[in-house]
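So the number in my numbering is just where the residue sits in the sequence shown, counting from 1, plus 18.
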Amino acid sequence: MKRLLLLVGLLPLVCFAQKTPVDYVNPLIGSAPSTTESARRHSEGASELRGQIAPAIGHPHGMTTWTPQTRATETKCIAPYYYNDPKINGFRATHWLNGSCVQDYGSLTLMPISGKLRIAAADRAASYSHAQEVVSPSYYSVELTDAHIKAEVSATKRSGLLKFTFQDKAPAYLLIEPNSDEGEGYVEIVPDRNELVVYNPVHRIYQGSGQSAGFSGYYVIQFEKPFKNFGTWEGNEIQPRSQKVKGAGNRVSVGAYVEIDITTNPVVNVRVGSSFTDAAGARTNLTSELAHWDLDKVKAQAAEAWNKELGRIAIKGSEQTKTLFYTALYHTKHTPRLFSDVDGRYPGFADDSEIHTTNGFDYYCDFSLWDTFRAGMPLHTLLEPQRSSHFMQSLVTKAEQGGWMPIFPCWNHFTAAMIGDHVASAMADAYAKGIRGFDVQKGYHYLHQNAFTPNADPKSYEAGKGRRALVSYLKYNYIPLEDSVWQAFHKREQTSRTLEYAYD
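Shown next as structure tokens:
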């Protein structure tokens, strides 16, 4: 009788264990184009018809996530992955802002090749079927059908572990390519450590578009097996046994390849540490977060991290309702993005070229505030108040280093993209909900400066510092049509700006 009671008592736990919040998430939602009439009418170009969602594999608010790549570019408004694309040409360490029409930055792509060495994205691309994709926030796998390779990936906050199983006995290669559209990437092969060091310089968007953002995406890539052969490429030229290549900034691709012996074991494991600080930071992050080769362990830890975040809200409803809800909640937890290394180091904001170290908080960036101030940021304050205090301190730190509270801080830089000045809303909301783990006095100082002090320095104003058209707003309490709104990415929009400033 006791055995029967024990089994009955365990039934609810067994049922719950079969379905957790992360199991409801479908990261592919939003990766296909919209076919609705409203989407067609809204679209000024092709981008608004696309969901612009790439399946992001990693941790909530992680520094770097991983995604299959069907488009080999960081060009504005082109996501790394589109559901309807028939071929995959790589697996990308990405900083893409899901749902956006911006640009990826500091990214890196790895691609397994079987047989003849092929470096161009179109030549190396492999067919796949969605029926053979396994996609969750913590794990991705796919069969590259014509290449006869199974690819798997999972990730920590700052590092990724990839597993490639080669099903043919043909030569097995891994391509490593920094995705610098400007042709400024760098790759160094270190054969005696089974390692590569890579960086991809980041460029600004909106204010100062195309200029250097003052930092790079850095990577340390380690292989479990030694290299049988290796080399680099620049453009279409392959240099066998070359150990180093640096792009000349002429918009020509650079990269490296390594050949791995798979005669006794078809599995090739690769782990990748990332950092925005330097290669040493990428190595430290990798050593701290991923000092093993156990993909199942990484996958389980990532799933646990997602369940902790998603499980803060429990809902009732159909399976479809839960899928839609938890997928939407998952999408809110990609940004703001963790920017500091495990030791607290991070690149200074905007024109501050120094490497700084936090005093106990995690430094975040990519605050797409015009998009998130209404719901996303308030949701964070409710569900994760401690992390929200780090968000607020990150914004205060940016203001200290840049001299002004940023309006839309992305790519670790000022932008004047979109309208309004919604740090005021986000910070006031956090304070009203009892969040105090940030420098409130300094935060208020810079918010007040943004609201009541026009930036009189043309150069820094052009760089995105200070509210647009603030002189008119303070004079008239609105922005007249005669004010063309100088140095704004979105010109004019005077009525909308007036309403948003009234809110802020």
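Yeah, the Cβ is synthetic: ideal placement off N, Cα and C, and Gly gets one too.
By DSSP, does V414 sit in helix, in strand, or in coil?
helix
Considering only residues of the same chain and omitting the five flanking positions on each side of T305, which have a CB-CB separation below 8 Å?
G291
Per DSSP, what kind of secondary structure is M129 in: helix, strand or coil?
strand
Secondary structure of Q505, DSSP reduced to three states:
coil
Those residues which DSSP pairs with K168 across a bridge
E161, T183
For Q404 and A393, the rounded distance between their alpha carbons
18 Å
Check whether the region 74-92 and the region 109-119 are in contact - that is, three or more C-beta pairs closer than 8 Å.
yes
Whole-angstrom distance between R142 and R136, CA atom to CA atom:
5 Å
Sequence-distant residues of the same chain with beta carbon closer than 8 Å to G267, five excluded per side:
E200, G201, E202
Between the region 430-440 and the region 407-415, can you find at least three pairs of beta-carbon atoms closer than 8 Å?
no
Beta-carbon proximity check, S177 vs R59, cutoff 8 Å
no
Does the region 293-311 come into contact with the region 164-178, if we say contact requires no fewer than three beta-carbon pairs (one atom in each stretch) closer than 8 Å?
yes
From the beta carbon of E511, is the nearest beta carbon of chain B less than 8 Å away?
Here chain B cannot be found, since the structure has a single protein chain.
Is the beta carbon of R486 sitting closer than 8 Å to the one on A434?
yes
Element boundaries [alpha helix (DSSP H), containing P284]:
Run containing P284: none; DSSP gives neither H nor E here.
For A321, which residues from the same chain have a beta carbon less than 6 Å from its beta carbon, with the 5 sequence-adjacent residues on both sides left out?
V40, S156
Return the CA-CA distance between Y521 and F379, expressed in angstroms with no decimal places.
29 Å
In angstroms with no decimal places, state the Cα-to-Cα distance between R363 and K460.
22 Å
Skipping 5 residues on each side, what residues in its chain have a beta carbon closer than 6 Å to that of G540?
Nothing about residue 540 can be reported from this structure: the residues present for the chain run from 19 to 522 only.
Assign K262 to one of three DSSP states: helix, strand, or coil.
strand
What's the C-alpha gap between I239 and V215?
6 Å
Run through DSSP, which three-state label would G27 get?
Unreliable positioning characterises G27 in this predicted model, as indicated by a pLDDT of 41, which lies under 50. A coordinate reading is not provided.
For the candidate residues Y158, P244, K168, T250, whose alpha-carbon lies nearest to that of E195?
T250
Nearest-angstrom Cα distance between R515 and I497?
7 Å
What distance in whole Å lies between the Cβ atoms of N218 and K243, which are believed to be in contact at a cut-off of 8 Å?
About 25 Å; that fails the 8 Å criterion.
For E327, count neighbouring Cβ atoms within 10 angstroms of its own Cβ and tell me buried if that reaches 16, exposed if not.
buried
Can you give the beta carbon distance from F294 to F357, rounded, assuming they're within the 8 Å contact cut?
6 Å
Rounded C-beta distance between P98 and A72? I'm assuming under 8 Å.
5 Å
Only counting the same chain, and skipping five residues up and downstream in sequence, which positions put a Cβ closer than 6 Å to that of H398?
S406
Alpha carbon to alpha carbon, what distance is there between V458 and S159?
45 Å
How should I207 be labelled, buried or exposed, when 16 other C-beta atoms within 10 angstroms of its C-beta is the threshold for buried?
buried
For A258, is the classification buried or exposed, using 16 other Cβ atoms within 10 angstroms of its Cβ as the cut-off for buried?
According to the sequence displayed, residue 258 carries Pro and not Ala. That one is exposed.
For V238, which three-state DSSP category applies?
strand
Beta-carbon proximity of S49 to Y123, cut-off 8 Å:
no
Rounded to whole angstroms, what is the Cα-Cα separation between S125 and S227?
18 Å
Residues in the same chain with beta-carbon distance under 6 Å from Q419, minus the five sequence neighbours each way, listed in chain order, please.
G366, F367, D370
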